Each structure stands twice: as structure tokens, then as C-alpha cells.
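K.L.:
Numbering (this note's numbering), first residue to last: 14 to 424. To start, I am sharing the structure in question, which I have written as C-alpha cells.
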Amino acid sequence: MNEIRRNVPVDEQLQILRRGVVDLVSEDDLRRKLDKGAPLRVKLGADPTRPDLHLGHAVILRKMRQFQDLGHKVIMLIGDFTAMIGDPSGKSKTRPPLTLEQTRQNAGSYLEQCRLILRDDPEVLEIRYNGEWLEPMGYADVIRLASRYTVARIMERDDFKKRFEGGVPIAMHELLYPLTQGYDSVALEADVELGGTDQLFNNLVGRALQRDYAQEPQVVMTLPLLVGLDGAEKMSKSLDNYIGLTDEPHAMFAGLMKVPDPLLDNYFTLLTDLSRERIDELLAGHPVAAHRELAREVVRALHPAADLDAAEARFKAVAKGGIPENLPEVAVPVGELNEEGRISVAKLVVLAGLEPSNGAARKLMQNRGLKLNGEPFTDPQGTLTRDQLSAEGGAVLQKGKDKFARLRLGS
14 MNEIRRNVPV DEQLQILRRG VVDLVSEDDL RRKLDKGAPL RVKLGADPTR
64 PDLHLGHAVI LRKMRQFQDL GHKVIMLIGD FTAMIGDPSG KSKTRPPLTL
114 EQTRQNAGSY LEQCRLILRD DPEVLEIRYN GEWLEPMGYA DVIRLASRYT
164 VARIMERDDF KKRFEGGVPI AMHELLYPLT QGYDSVALEA DVELGGTDQL
214 FNNLVGRALQ RDYAQEPQVV MTLPLLVGLD GAEKMSKSLD NYIGLTDEPH
264 AMFAGLMKVP DPLLDNYFTL LTDLSRERID ELLAGHPVAA HRELAREVVR
314 ALHPAADLDA AEARFKAVAK GGIPENLPEV AVPVGELNEE GRISVAKLVV
364 LAGLEPSNGA ARKLMQNRGL KLNGEPFTDP QGTLTRDQLS AEGGAVLQKG
414 KDKFARLRLG S
């Protein structure tokens, strides 16, 4: 890990920090704060609604890391309290709230994955939970907070406006969400707040509330929402167009090789530290070479010890329809075989962890999504014998393009 660079000239800091930014409110304010020479307090609020992160989350985490590398303190604010409210964040309906237990379980996994990118150093990283100050607030405190903002201004938020005009219900607790999130900035005395472009309104509320509480308003900086592998929608686990932050190196490499060509510039800018000149050089060349460079840069950053040559070799082998080496092996208990010494392929798919149930496994076969030893396997009632599982290479199951497991008969 490189050492923290302190006392970097303000112009150089601004050049680094502006990269990939969509909204910066305002650059003059950021310059004034940097001119003071003291480390800034840089806040990122996250409601832990999902425990797993993907490369879309890496965009903003990398911006936090840039602040850390320049000697500023980033505050990872876990919205354990606000997650129980549920911010629709552009959704057309109310998002189901979570329990406090769910938010804190998710937060543990969330923070562990964030540390793949952030410096885990208390000098430049602070972990906070907004339940610290929101849970003790009484009803009178909430009323006083609500009095500091008008309904007209809240209704300027685009998703609220559309739902109101479309006759879609908006619950009162949702109208309080931007105020609640904004109050976090007051409690933390944040100098800068980061967020996706979908958080611009909420973060500007924090800026306004700080001014109302006689604090110097925070700078608001937004980053774009990374478009997923489908080339159309933002990266999302629910849309299955994502690359997981904790994916194995070979899976991450393969996913990055599938990034649509028009998105390469965006991915290079947001997910790597390559210079603009180097990015332009790569984009002017063959797309395969550009994809290869992107995959190597991103995998190296998240898996410093990864064998990149092995990850690339596996990708090439799978792309040619082959079976890669060093597959995860699954021992099939002899007791799972029936009296005839057979076992259903559906059960093997579940034992291999490729599907959660026999029904899902059978559906996978019906949709031609499963291969056995490199050949399509489409019989949902099919079985394998003891001899097939005892053969030298065992039985290799493949789901989709790059999920493999080698099954051998165990004891």
C-alpha cells in the first residue's frame, strides 16, 4: 500500500478529485476548504440494504480512497437507523424497511468488502452509525428538524414529484428521509459528502441544513452510476448485470472482458488510475487489447496476489469452449446414490452449489444452461452412475459460461 501523500498542492488535489465526478457543489467551496490545509472530513452514507457489493459500489469507494491517499479522513456512515425508514431513491414505490438486526448483519459484510478498497487506518477512516444520534431523538426533536425545511422544497425531488403527479402514494416517513440523511451531515460536521447522482437532492439537503445550524456547508460531490454488463441499466445484482466486488479473480476477469465496447472509456475512468493519455491510446487500438488491460488493472487492484496470467488463460480456455484446469472439486457421498448406484444430475447440481434446489436445477437443464463434461445436458430427469463419478476426471458440470465444478465419488 502506497504511503499517504500530505501537503499536496491544492491544484493537484483538485485535478485528482475531479476525475469522474458529475456534480461538484461547489468547486470554489472545495478549493477554500483545501486551502486551509487541515484534513477534510469526507462522508459517505450507506444504508446496508444488501450485504454484497459490486463494481458499481467501487466507483465511489475509489473516490474515498483518493481522499484518503491525500491525507483526508473519510467517514463510512452506516445508516442502520435510516435503513429502517427506507429511501426509495428513484424507485416508483416505497422500499420495504429493514429491521435493525438486518441492517447490522448487512453492515458487517458491507464494511469487510469496503476495506478491499479503503485504507483500514483510523487516521484516515472513521466508521459511524447514524443510530448514535437518530435513535435518541424524541418527537419534539423530529418536529424541530422538520420545521427547518419546506414541503415545497422536498417535493422538488424528482421521484417524489413524479409519484405525486401520477397519484402514487408517498408515505410521510419518506418525506422525512432527506431531512434525516441531511442531519447526519450536521452531526458529523462533514466537509464533503459523496454520493451517486441519485443522491444529489438528499446531499444538497444536508448542505442546506448545515447552513441552518450555523456550520460551514459541505461540498457535495456525485459520481455516476456504473452501467452494467447489459450496456443499458445501472449495475445491479437484481438485474444480473454485475461483477461482484468479491468475485474470484478468474470470474472478475471474465466479466470485465464482456464489458460492452462503448462503456470501456467509462470503466477505465471510474475503475482504474490509468492516465487520460493511456486510456485514449488503448481505446484507439483493438478492443480486445483494451478489455484485457481493463481486466488486469481492476483484478490487480482488488486481488493484489492474483495470478493474472492464470485468470486470462482460464478465460481463453472457456471462451474456446474448453474446460479449465484447477476446478473446485465436490465429493459426492456414496450414501446419496440409490440402490442402482445412480444419482440424479439435478441433485449433483445442487451439491455443486450451482443452483439452490432440484427444481431450479431441472429448470436450468430445460433452458439448456447446463453442460456435462463439455456437452449440453438437457434431460431434467437424467442420472449419473457410480462409474461415471469414479472415472479419472470425475464429472464436470458447467453452468452458463464460467461456473464449473468437478464432482467425484467420495466415501
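For every residue, glycine included, the Cβ atom is placed at its ideal position computed from N, Cα and C. Small disclaimer: the values here were computed from a predicted structure and weren't measured.
1. Just grab the DSSP bridge partners of TYR142 for me.
2. Given 8 Å as the limit, is there contact between the stretch 200-213 and the stretch 180-188, that is, 3 or more CB pairs closer than that?
3. Would you be able to state if there are at least three C-beta pairs under 8 Å between the stretch 196-206 and the stretch 128-147?
4. Helix or strand or just coil, what does DSSP make of GLY407?
5. Would LYS329 be called buried (16 or more neighbouring beta carbons within 10 Å of its own) or exposed?
6. Return the residue from the list VAL347, LYS416, PRO346, LEU287 that minimises the CA-CA distance to LEU340.
7. Is GLN194 buried or exposed, if buried means 16 or more other CB atoms sit within 10 Å of its CB?
8. Are the CB atoms of VAL345 and ILE356 nearer to each other than 8 Å?
9. Look up PHE417 in the DSSP assignment and give the residues it is bridged to.
10. Pairs of beta-carbons, one from the stretch 289-303 and one from the stretch 249-266, closer than 8 Å: are there three or more?
11. Going straight from the alpha carbon of GLU338 to that of PRO230, what length do you get?
12. Please list, in chain order, all residues of the same chain as THR396 whose beta carbon is under 7 Å from its beta carbon, the five residues on each side excluded.
13. On a CA-only basis, which of PRO191, GLY407, ALA303 is nearest THR398? Give me that one, please.
14. With a threshold of 8 Å on Cβ separation, who are the neighbours of MET248 within its own chain once the five nearest residues in sequence on each side are excluded?
15. On the CB-based measure, 16 or more other CB atoms within 10 Å of its CB, does GLN126 come out buried or exposed?
16. How is ARG157 classed by DSSP in three states: helix, strand or coil?
17. Taking the Cβ atom as the reference point for each residue, do GLY298 and LEU276 lie within a distance shorter than 8 Å?
18. Any chance you could list the alpha helix (DSSP H) runs of at least 4 consecutive residues sitting entirely within the stretch 32-66, in chain order?
19. Hey, which unbroken runs of the alpha helix (DSSP H) at 4 residues or more fall wholly within the stretch 275-323?
20. Could you compute how far the alpha carbon of LEU307 sits from the alpha carbon of LEU37?
21. May I ask which residues mark the beginning and end of the alpha helix (DSSP H) holding ALA96?
22. May I ask you to report which of helix, strand or coil DSSP gives ARG166?
23. Under three-state DSSP, which class holds GLU352?
24. Rounded to whole angstroms, what's the CA-CA distance from VAL164 to ILE73? Just pull it up for me.
25. Name the DSSP beta bridge partners of VAL233, please?
P.N.:
This is what the structure gives:
1. In DSSP, TYR142 forms a bridge with ILE91.
2. Not touching, per the Cβ criterion.
3. The stretch 128-147 is in contact with the stretch 196-206.
4. Per DSSP, reduced to three states, the secondary structure at GLY407 is coil, with no helix or strand assignment.
5. Exposed.
6. Comparing Cα-Cα distances from LEU340 to each of VAL347, LYS416, PRO346, LEU287, the minimum goes to LYS416.
7. By the neighbour-count criterion, in which 16 or more other beta carbons inside 10 Å mark a residue as buried, GLN194 falls on the buried side.
8. Judged by beta-carbon spacing, ILE356 lies within the 8 Å limit of VAL345, meaning their Cβ atoms are closer than that value.
9. In DSSP, PHE417 forms a bridge with GLN411.
10. No, they do not touch.
11. PRO230 has its alpha-carbon roughly 56 Å from the corresponding atom of GLU338.
12. So the list reads ARG355, ILE356, SER357, VAL358, once near-sequence residues are dropped.
13. Nearest option by C-alpha distance: GLY407.
14. Excluding sequence neighbours, MET248 sits near HIS67, LEU68, GLY69, LEU238, LEU239, VAL240, GLY241, LEU242, ASN254, TYR255, ILE256.
15. Under this definition GLN126 is a buried residue.
16. ARG157 sits in a helix when the DSSP states are folded into three classes.
17. No.
18. Those alpha helix (DSSP H) runs which fall completely within the stretch 32-66 and span 4+ residues are 40-48.
19. Complete alpha helix (DSSP H) runs here, min 4: 277-284, 289-297, 300-315.
20. Distance between the alpha carbons of LEU307 and LEU37 is about 27 Å.
21. Segment: none, ALA96 is in no alpha helix (DSSP H) and carries neither H nor E.
22. In this structure, ARG166 counts as helix in the three-state DSSP scheme.
23. Of the three classes helix, strand and coil, the one that applies to GLU352 here is coil, per DSSP.
24. Rounded to whole angstroms, the separation of the alpha carbons of ILE73 and VAL164 is 30 Å.
25. Paired residues: VAL38, GLU206.
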